[in-house]
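Report on the following structure.
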């Protein structure tokens with residue numbers, strides 16, 4: 001691993017005693033979700049999980065950029081038009 005990669009921050013829960021990764025938090029949430037189904041049929045899981053992840057991501061990035069969509073799109077690695085489409089999709093515009 002080069003030095004730039006070593007300095008790259010990892011997504012963790014802020015102020016957590018365990019500094020758990022975002023991936024592990026998602027994994028636990030999905031385990032909880034499946035455990036609560038009690039045999040109920042599931043469909044459209046992928047778009048549901050994406051929405052659960054994208055909405056807070058978009059909200060926090062916009063907060064971080066003080067509502068500047070151009071900066072938010074750049075930070076996310078998205079085209080500004082794609083960002084606006086997602087904001088509209090989730091009722092964030």
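Numbering (full-length UniProt numbering), first residue to last: 1 to 93. Even glycine gets a Cβ: it sits at the ideal position worked out from N, Cα and C.
For this session: Taking all protein chains shown into account, decide if residue 86 is buried (16 or more other Cβ within 10 angstroms of its Cβ) or exposed.
Result: So residue 86 ends up on the buried side.
Exercise. Which of the three DSSP states, helix, strand or coil, is assigned to residue 146?
Worked result: No answer is possible for residue 146: it lies beyond the span of the chain, which begins at 1 and ends at 93.
Exercise. Roughly how many whole angstroms lie between the Cα atoms of residue 73 and residue 79?
Worked result: Roughly 6 Å separates the two Cα atoms.
For this session: Output the residue ranges of the alpha helix (DSSP H) runs that lie fully inside the UniProt domain "DNA binding HTH" (50 to 90) and measure 4 residues or longer, sorted by chain position.
Result: Within the UniProt domain "DNA binding HTH" (50 to 90), the complete alpha helix (DSSP H) runs of at least 4 residues fall at 69 to 76 and 80 to 89.
Exercise. Considering only C-alpha positions, which residue in the set 75, 22 and 51 is nearest to residue 91?
Worked result: Nearest option by C-alpha distance: 51.
Problem set entry | Cα-Cα separation between residue 33 and residue 65, rounded to whole angstroms | Taking the straight line from one Cα to the other gives about 32 Å.
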